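So the protein sequences, as listed, match chains S and F. Count the first sequence with my numbering and you get residues 1 to 231, in order. Count the second sequence with my numbering and you get residues 1001 to 1195, in order. By construction, the Cβ of each residue, glycine as well, lies at the ideal position given by its N, Cα and C atoms. Since we're looking at a predicted model, the values are computed, not measured.
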Amino acid sequence: MSQSKFRIITNGILTDNPTFVQCIGLCPTLAVTTSVANGLGMGIAATFVLIASNMVISLLRKMVPDEVRIPIFIVVIAGFVTVIEFLMKGFAPELNKSLGIFIPLIVVNCIILARAEAFASKNGVFESALDGIGMGLGFTIALTFLGSIREIFGGGTWLGMPVISFEPAMLIVLAPGGFIILGCCMGAFRAIQARFRGIGATPAEAKTGCGCCAMAKFCNRDKDECEEAKA
Amino acid sequence: MTFTELVLLFISSIFVHNILLSRFLGCCPFMGVSSKLKTAQGMGAAVVFVIVLASLMTWLTYNYLLVPLHLEYLYTLSFILVIAALVQFVELALKKLNPVLYKSLGIFLPLITTNCAVLGVAVLNMNEGYGLAAALVNALGSSLGFLLAISLMAGIRERIEGNDGIPNSLRGLPMALITAGLMSIAFMGFTGIIK
C-alpha cells in the first residue's frame, strides 16, 4: 500500500478523528458509551454503514446531479442503516436492544453524511472505502475508549469483568457522566496535541456555530445571514 | 390515554426525560448554536415548530401507509424522506407567507433535517406505540424541553465566555460539555416528580 493510501486511514484515526478533533456525531457518542460492549457495537455498526455508503456514493458520483445529491446520499445511507438493523436484530438481538433508537439514528449521524459529501463524492471507490475504514476506526476507537472509562469508573467492570476494588461512581454511567467524561477527554486530547506542537502553543480553538456543523461545508444557503446570526 | 396521563407525559417529556440532557438527542445544535442566547432561542423555536409538524406527518405515514402495506421495516427511510421534504416545504411556505418569521427561523431550517432530535422523537413515538394525541403531546413536550435546555445553556455560556480562569485546552466545547453535565445533574432532580 502506498504512503498516500495509508495516510487516508491514519487521517481518520488521528489527524481528523471524528469525535475528538472534528467534534461531530456527539449524540451516539454520549448516549451509547455506558459500557465497552455498547460503544464497540455502535462503532462497528457505524463503520459498516460508513464504508458501504462511501463506496456506493463514490460509484454514483458522476451520475448524480449536483442539486439533488444530498437527498440521494441520505437515501443510500438510510438503505444501509435498514440493512444493519436487520443484521443486528438477527445476530445480536441483545446489543440491538441496548442501542435502541440509536441504530436508526445512524442515518442522521453527521459523520456519515459529512464523509459522503467531503470525500466520497470527490474520490474513487477504493480511496472512499479506505476513508470509510479510517473514519469508522477513529469513531470506534473513541467510543470504545469512552465506554471503557465509563464502565470501569462507573460500573467497576470492563466488558463484564470486575476490575476495581473501590466503590464505583454510579453518576459516570448516568447521563451527566457522559457529558462530563467526554468534556474532560476532549480537553485532555487537546492538551496532549498542544504539547506535541510545542510547549506554549495554544491548542486549536473549539469550533462553534456553523464551523461545528457537519453540514457547514455544503450548507451554502444564507451563509451570510448565518454568520451574522452567529456573531 | 386519559387526560391525566397526557398531562403527566407532557411534564415528564419536558423535565424528566429531557430530550437533550437525558436522552442525548440533538446534541450537535446544543453544542454548536448555544453560544448566543438570541440564536439559541431562534434555533429552539424552529425545532419546536418542526418536531411537532414532523411527528404529525411521520405518525400518519407510519399508521396509514407503512402498517397497512406491511412495510414497517422501511420506517427509517420513509421518516427521513418525510422530514426532509417537510423541512423544505416549511422553508418555502415561511418565505412566502411570513418573511419576518422566516428571517428569524429560516436560517436554522436547513440544519434541522439532519438533527437527530426530529427523527428521534418520531422513532420514539413509533416504538412506544403512542396514539395521535399522545404522539403530539410527546412531541410538543420534548421540543419545549429542547428550547428550555438550549436557552439555559446559552445563558450560562454567555457568562463563562472570556473567563480567564478556564485552562486553554478546556475552552469552548469541552467546557460546554462539562456545563451540560452539571445541568444534567440538576435535571436529574426532577426524576421524583412523576411516580
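Where residue i falls: helix, strand or coil (DSSP)
i          : result
PRO18(S)   : coil
THR157(S)  : strand
TYR1102(F) : helix
VAL1118(F) : helix
PHE1024(F) : coil
ALA169(S)  : coil
ASN109(S)  : coil
ILE13(S)   : helix
LYS230(S)  : Legend: pLDDT at LYS230(S) = 46, less than 50; position of this residue unreliable, value from coordinates given subsequently. Three-state result, LYS230(S): helix.
VAL81(S)   : helix
GLU1158(F) : helix
THR202(S)  : For THR202(S), the predicted structure reports a pLDDT of 47, less than 50, and the residue's modelled location is therefore unreliable. A value from the coordinates is still provided. Reduced to three states, the DSSP call for THR202(S) is coil.
GLY90(S)   : helix
ILE1112(F) : helix
TYR1130(F) : coil
GLY1192(F) : helix
MET1153(F) : helix
ASN123(S)  : coil
LEU1071(F) : coil
GLY1165(F) : coil
ILE1019(F) : coil
SER1034(F) : coil
LYS63(S)   : Note that residue 63(S) is Met in the sequence shown here, rather than Lys. Note: MET63(S) maps to coil in three-state DSSP.
ILE72(S)   : helix
ILE149(S)  : helix
Residue i, enclosing alpha helix (DSSP H) - first and last residue
i          : result
GLY93(S)   : It is worth fixing the name first, because residue 93(S) is Pro in this sequence and not Gly. Note, PRO93(S): alpha helix (DSSP H), 93-99.
VAL1007(F) : 1003-1011
CYS184(S)  : 175-197
GLU1091(F) : 1075-1097
PRO1174(F) : 1173-1188
LEU59(S)   : 36-60
VAL68(S)   : Element bounds for VAL68(S): n/a, residue is neither H nor E.
SER1037(F) : The residue asked about is misnamed: residue 1037(F) is Leu in this sequence, not Ser. Its alpha helix (DSSP H) spans residues 1037-1061.
ALA116(S)  : Taken as a continuous stretch (DSSP letters only), ALA116(S) belongs to no alpha helix (DSSP H), as it is neither H nor E.
LEU30(S)   : 26-32
Environment of residue i [buried if 16+ CB atoms lie within 10 Å]
i          : result
PHE1003(F) : exposed
THR202(S)  : Reliability of the predicted coordinates at THR202(S) is poor, the pLDDT of 47 falling under 50, and the value obtained from them is presented with this limitation in mind. Counting Cβ neighbours within 10 Å, THR202(S) comes out exposed, since fewer than 16 surround it.
GLU85(S)   : buried
GLY124(S)  : exposed
SER1169(F) : buried
ASN1098(F) : exposed
ASP131(S)  : buried
TYR1073(F) : exposed
ASN17(S)   : buried
HIS1017(F) : buried
PRO176(S)  : buried
VAL32(S)   : buried
THR208(S)  : Since pLDDT at THR208(S) reaches only 44, below the 50 mark, its modelled position is unreliable, and no value is offered.
PRO1029(F) : buried
ARG195(S)  : exposed
GLY154(S)  : buried
PHE1015(F) : buried
LYS223(S)  : The predicted model places LYS223(S) with a pLDDT of 49, which falls under 50 and marks its position as unreliable; any figure quoted below should be read in that light. Its Cβ having fewer than 16 others within 10 Å, LYS223(S) is exposed.
DSSP beta-bridge partners of residue i
i         : result
PRO162(S) : THR157(S)
Contacting residues, own chain, Cβ-Cβ under 6 Å from residue i (five flanking each side not counted)
i          : result
PHE48(S)   : ILE84
LYS89(S)   : ASN96
MET1043(F) : PRO1029, VAL1033, PHE1108
Residues of its chain near residue i, where Cβ-Cβ distance is below 8 Å and the 5 sequence neighbours each way are ignored
i          : result
ARG1157(F) : SER1034, SER1035, ALA1176, THR1179
GLY200(S)  : Note on GLY200(S): pLDDT 47, under 50, position unreliable in the model; the coordinate value appears next. Around GLY200(S): no qualifying Cβ.
VAL1121(F) : ILE1019, LEU1025, ILE1051, ALA1054, SER1055, ASN1138, ALA1139, SER1142, SER1143
ILE1160(F) : ILE1166, MET1175, THR1179
LEU105(S)  : CYS27, PRO28
GLU205(S)  : Legend: pLDDT at GLU205(S) = 46, less than 50; position of this residue unreliable, no value from coordinates given.
ALA55(S)   : Checking the displayed sequence, the identity of residue 55(S) turns out to be Met instead of Ala. Around MET55(S): ALA120, VAL125, SER128, ALA129, GLY132.
ARG61(S)   : ALA120, SER121, LYS122
THR10(S)   : GLY134
Cβ neighbours of residue i in the same chain (closer than 7 Å, five flanking residues each side left out)
i          : result
LEU1066(F) : GLU1072, LEU1074, TYR1075, SER1078
ILE1112(F) : ALA1046, VAL1047, VAL1050, VAL1087, VAL1118
ASN109(S)  : GLY25, PRO28, ALA46
ALA52(S)   : PHE80
LEU1109(F) : ALA1046, VAL1087, VAL1090, GLU1091
Residues of the segment 105-116 of chain S with Cβ closer than 7 Å to any Cβ of chain B, in chain order: No chain B is part of this structure, whose protein chains are labelled S and F.
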